[in-house]
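To keep things clear, I will list the structure first and then write my remarks on it.
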Amino acid sequence: MGQAHSRWCSLKQRSAHNICVRGLSNLQLCVVYGVDKLGATVRANMQAAWATSAQCTSQVNSMHLRLKHFMDRIRKVSTKYL
2 MGQAHSRWCS
12 LKQRSAHNIC
22 VRGLSNLQLC
32 VVYGVDKLGA
42 TVRANMQAAW
52 ATSAQCTSQV
62 NSMHLRLKHF
72 MDRIRKVSTK
82 YL
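If you want it as structure tokens, here you go:
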């Protein structure tokens, strides 16, 4: 009777251990998936921010160039008539 009981207890412990291992394994998968998902989101946001930043920089450079050309024309005209 004692051996049967101890076998049943060890089976129960093994079963509980397997459930814990499976639970931890699933938790690990969830954490890894979550971290990957978060990393992908951060990368996408950074790329979008970089693209927006690059676009803004390009627009500012373009405006600066147009302003420079405009100021050059004003200088030419003003020196021509002065």
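To get the numbering used here, take the position in the sequence shown, counting from 1, and add 1. No residue lacks a Cβ here, since even glycine has one placed at the ideal position from N, Cα and C.
Problem set entry | Between the CA atoms of A17 and A45 - distance to the nearest angstrom | In the sequence shown, the residue the question calls residue 45 occupies position 44. In the sequence shown, the residue the question calls residue 17 occupies position 16. Distance between the alpha carbons of A45 and A17 is about 41 Å.
Exercise. To the nearest angstrom, how far is it from the Cα of Q14 to the Cα of G40?
Worked result: Position 13 of the sequence shown holds residue 14. Position 39 of the sequence shown holds residue 40. Cα to Cα, the separation comes out at about 38 Å.
Problem set entry | Length of the line joining the Cα atoms of S11 and W51 | Along the sequence shown, one-based indexing puts residue 11 at 10. Along the sequence shown, one-based indexing puts residue 51 at 50. Each residue's alpha carbon lies about 58 Å from the other.
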